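Novice:
Numbering (our numbering), first residue to last: 20 to 314.
#1: Looking at the structure shown, is residue 32 part of a helix, part of a strand, or coil, going by DSSP?
#2: So is residue 288 buried or exposed if we call it buried at 16+ other beta carbons inside 10 Å?
#3: Spatial neighbours of residue 298 within its chain, please: C-beta separation below 7 Å, excluding the five flanking residues on both sides.
#4: Consult DSSP for residue 299 and reduce its assignment to one of helix, strand or coil.
#5: Just the Cα atoms here: how many angstroms apart are residue 112 and residue 92?
#6: In chain order, what residues of the same chain lie with their CB nearer than 6 Å to the CB of residue 249, ignoring the 5 residues before and after it?
#7: Should residue 74 go down as buried or exposed, given a rule of 16 or more other Cβ atoms within 10 Å for buried?
#8: Please report how far the alpha carbon of residue 267 lies from the alpha carbon of residue 166, in whole angstroms.
#9: Which same chain residues, not among the five before or five after residue 82, have their C-beta less than 7 Å away from its C-beta?
#10: Report buried or exposed for residue 160, applying the criterion of at least 16 other Cβ atoms within 10 angstroms of its Cβ.
#11: Check residue 151 in the structure and name its three-state DSSP category.
#12: Taking the CB atoms as reference points, tell me whether residue 302 and residue 265 lie closer together than 9 Å.
#13: Which parts of the stretch 80-130 are runs of the beta strand (DSSP E), unbroken and 3 residues or longer, counting only runs that do not cross its ends?
#14: Mapping DSSP to helix, strand and coil, what is residue 304?
#15: Tell me, please, which residues DSSP counts as bridged to residue 261.
#16: From residue 279 to residue 51, what does the alpha carbon distance come to, in whole angstroms?
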């Protein structure tokens, strides 16, 4: 009997040795006193928070020409970390205009006051209740950040998300807030056909149910901030800022000249984008080129 038991145990150990690499690794608890950001990772039917190493090099002062948006979201965030009522925020508008950068700059600004950032993808928003459950008893203040939240024509996910947001946001503890960015104000495509069935009731114009259904999703956010395409002068001001930021540590002496402006405008025209991201990319190109020519 002992020999049979020993053989069974040997076989069990062999099976466990082969299964162990297939099992998920144990997830240690995150030390939020040192971890500033995390990302929600889907793992089968569940998920976990993956700690992130984040750079705090972008500051609110780096965001040029979006003073109103910076002030409004900054005030809302200050209310939040101070334990006062605050709104979930939707930052919508043209790509590359500073929506995501503004959220990350706020983390850099308030990380010392207990602000933390958790990134969650649009496809994982159904896990919001699980994420919130892990955060509700912690002393830090958490912004759940969903970048590029939008839906394509024919997708019905936004109706599911609408109910998830209703339940998750209304029952969320006061140390959790949701910030999202999108290129669309109402998060879903808006078509001319949506306006065909508007009705007049007692002299008032009422949208049809399809329009109401689409608008209802963005209504879950109490604060809407709009970001618009850059004018040429705005674009050049941002170029000047980033060239200065990159040239200073390298000891590069430079001046804003007509030649520099022409090169920057050509760079933007060639890419079809005149925004903050494009300005930063041109600044890296130009400063790097000047440093290379000095060698």
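From the three backbone atoms N, C-alpha and C, an ideal C-beta is built for every residue, glycine too. The structure displayed is predicted, hence computed values, not measured ones.
Specialist: Concretely, from the data shown:
#1: The residue labelled residue 32 in the question sits at position 13 within the chain shown. Three-state result, residue 32: helix.
#2: Position 269 of the chain shown, counting from 1, holds the residue named residue 288. Residue 288 should be labelled exposed.
#3: Here residue 298 refers to the residue found at position 279 of the chain shown. Only 254, 257, 258, 261 meet the Cβ criterion.
#4: Within the chain shown, numbered from 1, the residue matching residue 299 stands at position 280. Of the three classes helix, strand and coil, the one that applies to residue 299 here is helix, per DSSP.
#5: In the chain shown, residue 112 corresponds to position 93, counting from 1. In the chain shown, residue 92 corresponds to position 73, counting from 1. Rounded to the nearest angstrom, the two C-alpha atoms are 15 Å apart.
#6: Taking the chain shown and counting its residues from 1, the one referred to as residue 249 is at position 230. The residues are 293, 294.
#7: In the chain shown, residue 74 corresponds to position 55, counting from 1. Label assigned to residue 74: exposed.
#8: Residue 267 sits at position 248 when you count from the first residue of the chain shown. Residue 166 sits at position 147 when you count from the first residue of the chain shown. Going by the C-alpha atoms only, they are around 31 Å apart.
#9: Within the chain shown, residue 82 is the residue found at index 63, counting from 1. Hits under 7 Å: 89, 117, 120, 121, 124.
#10: As a working mapping, residue 160 is identified with position 141 in the chain shown. Flag for residue 160 reads buried.
#11: Walking along the chain shown from the start, residue 151 turns up at place 132. Helix.
#12: Against the chain shown, residue 302 aligns to sequence position 283. Against the chain shown, residue 265 aligns to sequence position 246. Yes, they are a contact pair.
#13: Runs found: 108-112.
#14: Translated into positions along the chain shown, residue 304 becomes position 285. Helix at residue 304.
#15: In the chain shown, the residue the question calls residue 261 occupies position 242. Bridge partners of residue 261: none, in fact.
#16: Translated into positions along the chain shown, residue 279 becomes position 260. Translated into positions along the chain shown, residue 51 becomes position 32. Taking the straight line joining both Cα atoms gives about 45 Å.
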